[in-house]
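K.L.:
Structure below; questions to follow.
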Amino acid sequence: MVTNGPHGPERLEPSTLTRALALGLLIVILDFWLVRHAGFGISNAGRLAFLVAATGLLIRAVEWVLRKNEAEALADWGRETVRKLLTTRVIAFLWAAAVFVTLTYSSVEVVGESTAETGDASISPVGSTEVSKAAFGPDLRPAHFHFVATSPFGRPYRVDSPGYISASFPVYPFTGLRVSLGKDLLPSPSVLFRPSPGVLVFLRTEGSRIRISQLRGTKRDSIAGGSGASSFLLGREQAIPAAMIQDWQLSLAGLAGDETYGPTLLGWKRPVILAPAVPLAPGATLLAEVFSQAGNPAGSAEVVLGTDKLIDVEIPEVQTQ
Amino acid sequence: MKIERIILALSFWCVAAPVEAQRVPAVGVRFTVREPSYRTEYGAALAQIERRFAGFVAERLTQQMAYVRFDTSSTAQRTLVIALNRRDPGRNAPRHELGLYVSLVGAGTNAPEQYWVMFRPIDQFLARRGTPAELLNELQVRFRAGDLETLQAVLRSVPIAVQAQLWRDPLAWILPFKHRDLCMDFKTTLLVRSSIQSSAGLLHDEYIAKANREFGPTGTLPAALRSQIGNVMGSLTSDRGDLDALRQASPGSITIDGVFVDRYHRSENACAAPAPPDSTVFAGT
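In the order they appear, the protein sequences are chains A and B. According to the numbering used here, the first sequence holds residues 1 to 321 in order. According to the numbering used here, the second sequence holds residues 1001 to 1285 in order.
Next comes the structure, spelled out in structure tokens:
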């Protein structure tokens, strides 16, 4: 502030108290920001207690070591130094720097769908290959991504987590982004590949296997594989609805009394969980193939994924006759 | 003495002279898997399974039916084909009973394929098939449980000889092998197919002969017959064939079309190489 004094225009400096308050306010705001977007802060009770105790001890030590006049001289020097640093320019610079940092960096949190859920999440700026990864859960402990670069108008980020359909969200300064799995990111469809009784026979012998591929035009990319005389659940583990099991029982009615009836139903109810090499998304075309111990195709099924949470796909026998 | 020799000389006709001891006929053995699901299951390994099981069958049958030499070569005129297939191949159903079929293919055989023994019941169709070694073992177990009489019936069209001599008194065929050559019991019955050239034309007939004697007449024999001493002498019965036509046929008018085993009784005592202890001794009824 500039005013006309008896010796011409002179700068009116705010009082030291005002400047100290401005600095204190900055520190408090920065502390909140750091806790939210950097994962640490000075307002932590433990840290504050440590700081106070350390300062008290330091003062006592200085008083004990120095003579009275030396201590007063040191206090004067400290007072002068603080006064010099607490200039309006310095405070203004600190405020400007803080505003710049808080407007260009933010944070992202990804939290699981349930308290039991654990997993990985990753974020990447849209259009960039740079990927950051973090783990979430259990007990709804979120995956934190700190110091995420953004802009005053937000920056879009793609959020991925295995078992969920990827989506992009703008990350704004100050507020950051919190993504809830299952709500903000929809679960990706899980597919239960269920070998028919005739195909299950092949899977009962060692050396047989199932291969699941994603079809992209004429390309066939293998995304999962497994073995065993059971069904195969591709994607996130899902509870099998009772109605689905009732349907299976009806379809197996013709096998009642057969020694394979029980093992077949149990095999279907207890699937082997397979993690796909690529995220499953609606519209994707999957091909499941079962091969005998000799490597011959024994069963095959193709499915186009929809938005259903659990898709039941029976794998019929490949007709060789 | 002179009269005895004349009677002896007149008591037989040489039907196909000279009659020599001959080797038993060879029959090839082939095993094939027709069941589609098994072909898918085992793929290229199936050829080896088929070969090994055929070898097993040939070995077992040679032990049990010594009147035929079974082998897996493809040079034999006749082949015993064993096939693994559905009992009802035409039925479109998720489960099938599986069984072993038998047939004889090759020269002079036109018998239809027969369902022989069950391999797996319908409620085990969807059970684990196992490794090639397990399949081979299962086949061997099923084969051991099979009724060999059916196989013998299939092999009834295989001639064990194409030569024989007719002995007149008593009426019997002298066959070119001994009981021990074929591990043959005296209860065995043979079928002799012959043709007699008569004034009315060629008369084809079949005669059942009980292999209950060994040729060993008293007195001096012509040189052609001396080598036949100890051979099987098949006594003719009147069950089949016109014995009067045979008795009245002139020498040289009889042609032997083939000698077949009608009902085989294996004799361990008569056998030069006894069957191993774990084998099932075949005994026809």
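Idealized CB from N, CA, C, for every residue including glycine. What you are looking at is a predicted structure, and each value in this text was computed from that prediction instead of being measured.
Are the C-beta of A:Glu259 and some C-beta of chain B separated by less than 7 Å?
P.N.:
Answer yes: the Cβ-Cβ gap between A:Glu259 and chain B drops below 7 Å somewhere.
K.L.:
Say whether the stretch 173-183 of chain A touches the stretch 264-277 of chain A, bearing in mind that this needs 3 or more beta-carbon pairs closer than 8 Å, one atom from each stretch.
P.N.:
No, they do not touch.
K.L.:
Give me whichever residues DSSP pairs with B:Thr1032 in a beta bridge.
P.N.:
Answer by DSSP bridge pairing, in chain order: B:Ala1083.
K.L.:
Buried or exposed for A:Arg236, please, with buried defined as at least 16 other CB atoms from any protein chain shown within 10 angstroms of its CB.
P.N.:
A:Arg236 is buried by the Cβ-count criterion.
K.L.:
List the endpoints of the continuous alpha helix (DSSP H) containing B:His1204.
P.N.:
Here B:His1204 belongs to no alpha helix (DSSP H); instead the beta strand (DSSP E) covers Gly1201 to Glu1214.
K.L.:
Looking at the unbroken alpha helix (DSSP H) that takes in A:Arg83, where does it start and where does it end?
P.N.:
That run of the alpha helix (DSSP H) goes Lys68 to Leu85.
K.L.:
Taking the C-alpha atoms as reference points, what is the distance between A:Thr129 and A:Ala121?
P.N.:
Approximately 15 Å, taken between the alpha carbons.
K.L.:
Check whether the stretch 1047-1061 of chain B and the stretch 306-313 of chain A touch, using three or more Cβ-Cβ pairs below 8 Å as the test.
P.N.:
The stretch 1047-1061 of chain B is not in contact with the stretch 306-313 of chain A.
K.L.:
When you compare the stretch 1187-1196 of chain B with the stretch 1254-1274 of chain B, are there three or more beta-carbon pairs, one atom per stretch, that lie closer than 8 Å?
P.N.:
A contact exists between the stretch 1187-1196 of chain B and the stretch 1254-1274 of chain B.
K.L.:
With distances taken from CA atoms, which of A:Val290, A:Ser196 and A:Leu186 is nearest A:Arg209?
P.N.:
For A:Arg209, the nearest C-alpha among the options comes from A:Val290.
K.L.:
Who are the near neighbours of B:Ala1145 in its chain, counting only those whose CB is closer than 8 Å to its CB and skipping five residues on each side?
P.N.:
So the list reads Val1117, once near-sequence residues are dropped.
K.L.:
So which residues on chain A does B:Gln1048 lean against when the C-beta distance must stay under 8 Å?
P.N.:
Result: empty, since nearest Cβ-Cβ is about 11 Å, beyond 8 Å.
K.L.:
Enumerate in chain order the residues of its own chain whose CB-to-CB distance from B:Gln1228 is below 6 Å, with the five nearest sequence positions on each side excluded.
P.N.:
Cβ within range, chain order: Ile1174 and Phe1215.
K.L.:
Taking the straight line between their C-alpha atoms, what separation do you get for A:Gln249 and A:Leu255?
P.N.:
Going by the C-alpha atoms only, they are around 10 Å apart.
K.L.:
Apply the 10 Å Cβ neighbour rule to A:Leu30 and answer buried if 16 or more other Cβ atoms are within range, or exposed otherwise.
P.N.:
Buried, because 16 or more other Cβ atoms sit within 10 Å of the Cβ of A:Leu30.
K.L.:
For A:Gly24, count neighbouring Cβ atoms within 10 angstroms of its own Cβ and tell me buried if that reaches 16, exposed if not.
P.N.:
Burial call: exposed.
K.L.:
Just mark B:His1096 as buried or exposed, buried being the case when its beta carbon has 16 or more other beta carbons within 10 Å.
P.N.:
Flag for B:His1096 reads buried.
K.L.:
Assess contact between the stretch 1105-1125 of chain B and the stretch 1040-1057 of chain B, defined as three or more Cβ pairs (one per stretch) separated by less than 8 Å. Is contact present?
P.N.:
No: the two stretches stay apart, fewer than three of their Cβ pairs being nearer than 8 Å.
K.L.:
Just reading off the beta strand (DSSP E) that A:Ser251 is part of, what are its end residues?
P.N.:
Here A:Ser251 belongs to no beta strand (DSSP E); instead the alpha helix (DSSP H) covers Ala242 to Ser251.
K.L.:
Where does B:Tyr1038 sit, in a helix, a strand or coil, going by DSSP?
P.N.:
Three-state result, B:Tyr1038: helix.
K.L.:
Can you give the Cα-Cα distance for B:Arg1078 and B:Tyr1115, rounded to whole angstroms?
P.N.:
Approximately 19 Å, taken between the alpha carbons.
K.L.:
Look at A:Ser132 and A:Phe147 and say whether their C-beta atoms are less than 7 Å apart.
P.N.:
No. Outside cutoff.
K.L.:
Hey, how far is the Cα of B:Thr1032 from the Cα of B:Arg1039?
P.N.:
Rounded to whole angstroms, B:Thr1032 to B:Arg1039 spans 10 Å at the Cα level.
K.L.:
Using a Cβ cut-off of 9 Å, pull out every chain A residue sitting near B:Gln1124, in sequence order please.
P.N.:
Here the neighbours are Asp258, Glu259 and Thr260.
K.L.:
Quick one: is A:Asp258 buried, meaning 16 or more other Cβ sit within 10 Å of its Cβ, or exposed?
P.N.:
Burial call: buried.
K.L.:
What residues from chain B crowd round A:Phe193, counting only those whose CB sits closer than 9 Å?
P.N.:
Correct list: empty, because the minimum Cβ distance to chain B is about 18 Å.
K.L.:
Tell me which residues share the same chain as B:Ala1083 and place their Cβ nearer than 6 Å to its Cβ, disregarding the 5 neighbours each side in the sequence.
P.N.:
The answer, listed in chain order, is Thr1032, Arg1034 and Tyr1101.
K.L.:
Listed in chain order, which residues of the stretch 286-316 of chain A have Cβ atoms closer than 7 Å to some Cβ of chain B?
P.N.:
From the stretch 286-316 of chain A, only Ser292, Gln293, Ala294, Gly295, Asn296 and Ala298 have a Cβ closer than 7 Å to chain B.
K.L.:
Quick check on this structure: which residue in B:Val1027, B:Leu1046, B:Ala1223 and B:Asp1181 has the alpha carbon closest to the alpha carbon of B:Arg1129?
P.N.:
Nearest option by C-alpha distance: B:Leu1046.
K.L.:
Just curious, the beta strand (DSSP E) that B:Tyr1101 is in, first and last residue?
P.N.:
Segment Leu1098 to Gly1106, the beta strand (DSSP E) holding B:Tyr1101.
K.L.:
Tell me where the alpha helix (DSSP H) around A:Asp31 begins and ends.
P.N.:
Its alpha helix (DSSP H) spans residues Thr16 to His37.
K.L.:
Closer than 8 Å by beta-carbon distance: list the chain A residues that pair up with B:Gly1130, in chain order.
P.N.:
The contacting residues are Thr205.
K.L.:
Could you give the residue range of the alpha helix (DSSP H) that holds B:Gln1064?
P.N.:
Segment Ala1045 to Gln1064, the alpha helix (DSSP H) holding B:Gln1064.
K.L.:
For A:Leu192 versus A:Leu233, is the C-beta spacing smaller than 7 Å?
P.N.:
The answer is yes: Cβ separation under 7 Å.
K.L.:
Can you tell me where the beta strand (DSSP E) holding B:Lys1187 begins and where it ends?
P.N.:
Neither: B:Lys1187 is in no beta strand (DSSP E) and is coded neither H nor E.
K.L.:
How would you label B:Gln1048, buried or exposed, when you count the other beta carbons within 10 angstroms and need 16 or more for buried?
P.N.:
That one is exposed.
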